[in-house]
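Structure first, commentary second.
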């Protein structure tokens, strides 16, 4: 079992230093996160970078009434955006929208995980825009039908959310993937951030409108040269405990080239960022992802059950690109032990994820 990091240094300005990639896990966000280019002749390097470089910005927000996810993914030859909105009061998904098949320049994610971040997905009927300035990540989206008008029987969604990314210490991880050939992946994440804004879902003449003034959320920015066949499982939660303290959890398991050594595994508790066991398991019956998922670390300090409200699914088969992606939204219950303190987690909002993709 790998040991959790006890000391995290400040994030470097960039991924590569004089001696190569600055592998490690750090506090704060690097100004830029971009893995080094592939080696070889220029033409081959450009092709490998185009095919292997994947990057995305994913956001999650929740309060007592709802859960909201939004993502923009630039996977090189293709890209996508997806949005889910769930009503926690009724236990129903109000919207589950995916727009695969976008290509450059309609899909873009830049190299800045924090200040100066820009990502956008713009296709007919869909405009999703994320940008960070003055410490605030703005997520704005208008998604209707492919012809730009709300489709009968299908939801149209509008988002206008603001995340205060300065409220909690961020995490940067630069990873050496034990793959063949060796690859580099980077990520910048934060959790338990104050969120405010508005969410509107329109469907069949019914309007669901939510004003968020007391929300918590976070983001996952990832930029990596990933193997053609990439797999991982992921768990993420934010919320407020019975004692009023904020809590965030980011936990990765079985990531290709990092099995048992996910240095991104972390807890945010009451404004503090703490590393946890990098060896974790996320168990699920993939044939029935709507049933409970079990999330544990090998040292037993994280022991959670996740109960889905709804499941976002993407199954793609474009021959050269194939994926089976599951991301339920729902609630976590269980315990997290930090030193001598045991945190009781009772229906805190979050997501779990299973990705198996050939790209």
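Numbering (our numbering), first residue to last: 684 to 1042.
Ideal Cβ positions, reconstructed from N, Cα and C, are used throughout, including at glycine.
Asked: Can you grab the Cα-Cα spacing for the pair residue 910 / residue 860, in whole Å?; Found: 9 Å
Asked: What do you reckon, are the CB atoms on residue 939 and residue 916 nearer than 9 Å?; Found: no
Asked: For a test of the three-state rule: what should DSSP assign to residue 735, helix, strand or coil?; Found: helix
Asked: Which whole-angstrom value describes the C-beta separation of residue 1017 and residue 1004, a residue pair presumed to lie in contact below a C-beta threshold of 8 Å?; Found: Wrong, their Cβ atoms sit about 36 Å apart, outside the cutoff.
Asked: Rounded C-beta distance between residue 853 and residue 712? I'm assuming under 8 Å.; Found: 5 Å
Asked: Just to check my reading of the structure: residue 880 and residue 844 have Cβ atoms closer than 8 Å, yes? What is that Cβ distance to the nearest angstrom?; Found: 4 Å
Asked: Are the stretch 795 to 803 and the stretch 767 to 784 touching, with three or more C-beta to C-beta distances below 8 Å?; Found: no
Asked: Look up residue 775 in the DSSP assignment and say whether it is helix, strand or coil.; Found: strand
Asked: Rounded to the nearest angstrom, how far is the Cβ of residue 962 from that of residue 981, given a contact under 8 Å?; Found: 4 Å
Asked: Spell out the partners DSSP gives residue 770 in its beta bridges.; Found: 749, 775
Asked: Have a look at the DSSP bridge pairing and note the partners of residue 929.; Found: 923
Asked: Can you give, in chain order, each stretch of the beta strand (DSSP E) that sits fully within the stretch 871 to 910 and has at least 3 residues?; Found: 889 to 908
Asked: To the nearest angstrom, report how far apart residue 995 and residue 1024 are at their CA atoms.; Found: 34 Å
Asked: For a quick check, are the C-beta atoms of residue 1021 and residue 952 less than 9 Å apart?; Found: yes
Asked: Grab me the residues of residue 699's own chain with a C-beta within less than 6 Å of its C-beta, minus the 5 sequence neighbours each way, in chain order.; Found: 719
Asked: Candidates 706, 747, 697: which alpha carbon is nearest residue 894's?; Found: 747
Asked: Whole-angstrom Cβ separation of residue 790 and residue 757, contact assumed at under 8 Å?; Found: 5 Å
Asked: Measuring CA to CA, which of 1042, 957, 867 is closest to residue 914?; Found: 1042
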